[in-house]
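Residue numbers (my numbering), protein chains in the order written: chain A, 1 to 133; chain B, 1 to 133; chain C, 1 to 133; chain D, 1 to 133; chain E, 1 to 133; chain F, 1 to 133. All C-beta atoms, glycine included, are put in the ideal place defined by N, C-alpha and C. One structure is given below, encoded as structure tokens.
Number of protein chains: 6
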Amino acid sequence: MATLGLIEYQEASPEVRAVYDDIMATRQTDRINNFWKALARDPVALRRTWQSVKEIMAPGALDPLTKEMIYVAVSVTNQCSYCIASHTAAARKAGMTDAMFTELMAVVGMANETNRLVSGYQVEIDEVFKAGS
Amino acid sequence: MATLGLIEYQEASPEVRAVYDDIMATRQTDRINNFWKALARDPVALRRTWQSVKEIMAPGALDPLTKEMIYVAVSVTNQCSYCIASHTAAARKAGMTDAMFTELMAVVGMANETNRLVSGYQVEIDEVFKAGS
Amino acid sequence: MATLGLIEYQEASPEVRAVYDDIMATRQTDRINNFWKALARDPVALRRTWQSVKEIMAPGALDPLTKEMIYVAVSVTNQCSYCIASHTAAARKAGMTDAMFTELMAVVGMANETNRLVSGYQVEIDEVFKAGS
Amino acid sequence: MATLGLIEYQEASPEVRAVYDDIMATRQTDRINNFWKALARDPVALRRTWQSVKEIMAPGALDPLTKEMIYVAVSVTNQCSYCIASHTAAARKAGMTDAMFTELMAVVGMANETNRLVSGYQVEIDEVFKAGS
Amino acid sequence: MATLGLIEYQEASPEVRAVYDDIMATRQTDRINNFWKALARDPVALRRTWQSVKEIMAPGALDPLTKEMIYVAVSVTNQCSYCIASHTAAARKAGMTDAMFTELMAVVGMANETNRLVSGYQVEIDEVFKAGS
Amino acid sequence: MATLGLIEYQEASPEVRAVYDDIMATRQTDRINNFWKALARDPVALRRTWQSVKEIMAPGALDPLTKEMIYVAVSVTNQCSYCIASHTAAARKAGMTDAMFTELMAVVGMANETNRLVSGYQVEIDEVFKAGS
């Protein structure tokens with residue numbers, strides 16, 4: 001059970017409902033994830049976090065599918081069960097196929113392996129990579 | 001200095017040189033990163049790791065640029081300095097613009113934040129996300 | 001089920017019971033958490049760990065509530081479910097209100113975000129921060 | 001060198017300068033940390049991140065010093081060198097004494113140890129901790 | 001439920017069955033872990049990962065038991081529940097006693113503690129450790 | 001520079017000197033690592049941490065070399081530069097050959113990869129692994 005419990009739409013304050021409404025409209029869905037219902041215990045944090053997520057995940061130089069896959073990559077690296085489950089679902093909704101998912105996993109796994117090999121062998125950064133862009 | 005030192009091309013065994021040659025040919029470059037030079041102390045690991053990286057990073061359901069950005073996302077989450085430096089360079093070479101980089105960072109940062117909010121609020125996975133694909 | 005099972009008070013050796021008794025007396029409770037019951041398989045580790053925890057969590061330059069919140073912050077960052085559950089309960093017992101909890105989460109989330117932005121942008125430490133205290 | 005370089009006040013756009021001005025006014029200082037100068041490459045991210053940090057780190061149910069120490073706890077757990085250096089400095093400015101710092105480190109170290117003991121022994125959450133608040 | 005479901009032996013393609021057969025022969029068992037059944041959705045990744053694991057975990061300069069304990073140490077540090085459960089079982093099968101397990105946990109716990117103390121105190125690497133091998 | 005500076009033997013209090021003397025006697029060396037010199041700012045933490053390390057790293061069910069390699073495995077997974085440098089040196093002193101080191105790295109890298117594959121594919125723990133010991 002969430003630490004402070006979940007706040008359902010019916011019992012939500014107008015401030016919280018406004019955020020819930022915007023989430024549903026933006027995502028074209030009629031349900032609110034448990035994450036937002038838990039965060040609603042802190043209406044200011046709910047608003048701030050949703051505004052940030054909305055701004056960051058909107059189409060830009062990167063398309064929404066790529067952004068969702070990056071979100072999955074981070075969540076898998078952190079081994080956050082909830083985040084993996086919810087963002088894998090979001091990535092699928094955004095168009096991720098099974099083949100794209102398995103390739104995503106392969107890259108994430110390999111990156112976690114080589115990250116440690118680099119550290120373990122105490123490899124110094126190549127001069128060419130230090131020169132900035 | 002790398003734990004066991006770096007192995008330069010001139011001093012490399014034929015087995016190691018074969019891998020170096022394949023890396024340079026595949027990546028269309030004339031230099032070898034320190035990572036491979038350090039790993040070359042274990043020729044079997046060098047071959048295995050390179051074959052895996054080559055297979056995983058080849059174009060498939062995901063394009064090479066997307067893969068490199070995912071690699072950066074993992075490396076940033078793990079805070080691996082060498083990996084961030086080398087894969088940011090690789091992503092740029094594959095076409096990552098400044099705008100794509102800054103959006104990538106925004107998603108990675110936000111994902112690391114919400115991963116912890118989810119854990120801290122002890123949010124249970126929504127039933128709909130448990131139903132599998 | 002815990003790897004080596006849990007050791008209940010009734011079946012515990014005198015050495016383990018002595019630690020259990022001290023835990024209950026120090027914490028003014030009549031129950032022992034599963035953590036200690038699992039660790040009791042290694043009586044030396046049980047004693048050492050409890051002595052360290054007792055010494056570290058005692059009132060000092062920082063008050064017990066602040067210490068418990070720091071414990072929660074670390075556990076959330078590591079995403080350790082058991083630790084989050086038990087130390088959130090301990091922090092509440094020490095006086096953490098709902099408002100303190102939600103602010104704690106906000107700081108933890110934000111710190112995890114900016115930690116990655118710093119790494120991803122490869123920001124160098126400001127000279128003024130290198131000068132020591 | 002930061003990936004995209006640092007943006008100094010003199011060369012900053014009016015939008016970036018406004019954020020820099022607010023940072024200096026809020027923190028009562030006449031310098032801008034490298035973190036903000038690096039993030040300024042993405043003015044939208046600069047504004048969003050600063051607004052969030054400003055809102056989260058303001059006095060509330062938790063005092064500024066406690067918040068800075070929590071920030072340090074997270075940064076140490078993530079082993080983010082820049083973040084440890086800058087937030088240790090900020091915590092000191094907010095009143096952290098040497099004795100408070102060493103106690104903070106002791107709690108952070110112990111929490112990281114017991115987090116792993118819990119995971120390694122595969123300890124199940126006590127029923128009493130599952131019952132919510 | 002695994003994201004893409006599990007592939008049982010009966011429904012597996014000849015390519016996947018060949019890997020399953022090799023796993024069972026190498027490990028002298030008649031069952032396949034869920035990990036491989038999940039990974040089988042990507043036959044190329046299944047083959048590559050199994051070949052790497054087989055090569056790496058074979059007896060060499062380090063014996064199989066030591067390797068399994070190192071696997072457990074990493075999994076505990078990453079707090080990966082599945083990995084801790086499966087590799088603790090594998091380590092026991094390879095000869096790990098209860099006493100070895102509890103000592104393993106003590107080292108893993110202590111290393112996670114001192115890793116953070118080192119970072120938090122911002123300790124510089126001793127010159128003698130920089131001199132390479 | 002370490003946050004609170006290093007305490008050299010000559011300037012150390014009798015309490016700190018006693019710990020330094022025990023470290024040098026136990027490890028049969030005439031130098032003290034920077035880690036202990038930094039921690040000496042908190043004599044109680046210095047004593048407690050050294051006593052724990054001394055107790056945990058002593059020969060027992062696991063030999064000192066195996067323990068040092070486990071320490072390296074954890075430090076590499078956490079990517080703690082200081083810890084990798086100092087414990088790799090300690091492992092070598094305890095008898096770790098180059099071949100043992102490269103195999104250690106291979107296992108650590110592979111474990112970090114499969115830890116993420118397991119999480120990413122959301123693999124459930126096999127019933128047989130849940131049955132305890």
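| task | Within the stretch 7–53 of chain B, note down every full alpha helix (DSSP H) run reaching 4 residues or more, in order along the chain. | result | Restricted to the stretch 7–53 of chain B, the alpha helix (DSSP H) segments that are unbroken, complete and at least 4 residues in length are 14–27, 34–39, listed in chain order.
| C/P14 versus D/N112: straight-line alpha-carbon distance, rounded | 29 Å
| field | Cut-off 8 Å between Cβ atoms - residues of its own chain near E/W50, not counting five sequence neighbours on either side | value | V19, D22, I23, W36
| said: Rounded to whole angstroms, what is the Cα-Cα separation between A/L137 and C/F101? | reply: Within the shown structure, residues of chain A are numbered from 1 to 133, placing residue 137 of chain A beyond reach of any answer.
| field | Within 8 Å of chain A by C-beta, residues of the stretch 33–58 of chain F in sequence order | value | none
| Name the chain C residues that come within less than 8 Å of B/A85, Cβ to Cβ? | Within chain C, the residues near B/A85 are Q122.
| Taking the alpha carbon of F/R92 as the point to measure from, which residue in F/V107, F/L6, F/M69 has its own alpha carbon closest? | F/M69
| query | Does F/Q10 get closer than 7 Å to chain B when you measure Cβ to Cβ? | reply | no
| query | Sorted by chain position, which residues of the same chain lie with C-beta nearer than 6 Å to B/A85's C-beta, five sequence neighbours on each side aside? | reply | none
| request: Name, please, each residue of chain A whose Cβ falls closer than 8 Å to the Cβ of B/G60. | output: A99, E103
| request: Using 10 angstroms around the beta-carbon of F/G109, count the other beta-carbons present and answer buried if the total reaches 16, otherwise exposed. | output: buried
| request: Just list the alpha helix (DSSP H) runs in the stretch 44–101 of chain B, keeping only unbroken ones of 4 residues or longer that don't cross its boundaries, in chain order. | output: 64–78, 81–93
| said: Would C/T88 and C/V72 be called neighbours here (beta carbons separated by less than 7 Å)? | reply: yes
| Quick one: Cα of D/T26 to Cα of D/N34, how far? | Looking at the backbone, the Cα of D/T26 and that of D/N34 are separated by about 17 Å.
| query | Which residues, in order along the stretch 105–117 of chain A, keep a beta-carbon less than 8 Å from a beta-carbon of chain C? | reply | none
| Can you find a CB in chain E that lies within less than 7 Å of the CB of A/T88? | yes
| message | Nearest by alpha-carbon distance to D/Y82: which of C/Y9, C/M1, C/S119, C/Q28 is it? | response | Distances from the alpha-carbon of D/Y82 to those of C/Y9, C/M1, C/S119, C/Q28 put C/S119 closest.
| message | Give me the residue from C/M1, C/G60, C/T77, C/T29 with the minimum Cα distance to C/A38. | response | The residue from C/M1, C/G60, C/T77, C/T29 with its alpha-carbon nearest to that of C/A38 is C/M1.
| Contact under 7 Å by Cβ, D/T77 with C/T77 | yes
| task | Apply the 10 Å Cβ neighbour rule to C/A40 and answer buried if 16 or more other Cβ atoms are within range, or exposed otherwise. | result | buried
| Of all the options C/L117, C/L4, C/M96, C/T66, which has the alpha carbon lying nearest to the alpha carbon of A/L4? | C/M96
| query | Exposed or buried, A/R145, counting other C-beta atoms within 10 Å across all chains shown (16 or more means buried)? | reply | The question about residue 145 of chain A has no answer, for chain A in this structure spans 1 to 133.
| query | Near E/M105, which residues of its chain fall below 8 Å by C-beta distance, leaving aside the five closest residues on each side in sequence? | reply | V76
| With 16 other CB atoms within 10 Å as the buried threshold, where does C/Q122 fall? | buried
| Short check: CB of F/E103 to CB of E/L65, under 7 Å? | no
| request: Would you give the residue range spanned by the alpha helix (DSSP H) that A/V128 belongs to? | output: Per DSSP, A/V128 belongs to the alpha helix (DSSP H) from 127–130.
| message | Could you check whether B/K67 and A/V107 sit closer than 7 Å to each other, using their CB atoms as the reference points? | response | yes
| said: So, at 7 Å on beta carbons, what are the nonlocal neighbours of A/R116 in its own chain, with the 5 sequence-adjacent residues on each side left out? | reply: Excluding residues up to 5 positions away in sequence, nothing lies with its Cβ nearer than 7 Å to the Cβ of A/R116 in the same chain.
| field | F/V76: contacting residues in chain A (beta-carbon distance under 8 Å) | value | R116, S119, G120
| Counted within 10 angstroms of its Cβ, other Cβ atoms place D/A12 as buried (16 or more) or exposed | Result: buried.
| Tell me which same chain residues have a C-beta within less than 6 Å of the C-beta of B/M57, skipping the five on either side of it? | K67
| said: Looking at A/P43: is its Cβ nearer than 7 Å to the Cβ of A/V16? | reply: Yes, they are a contact pair.
| request: Let me know if B/A90 comes out buried or exposed under the rule of 16 or more other beta-carbons within 10 Å of its beta-carbon. | output: buried
| For chain D, is any of its Cβ atoms less than 7 Å away from the one on C/D30? | no
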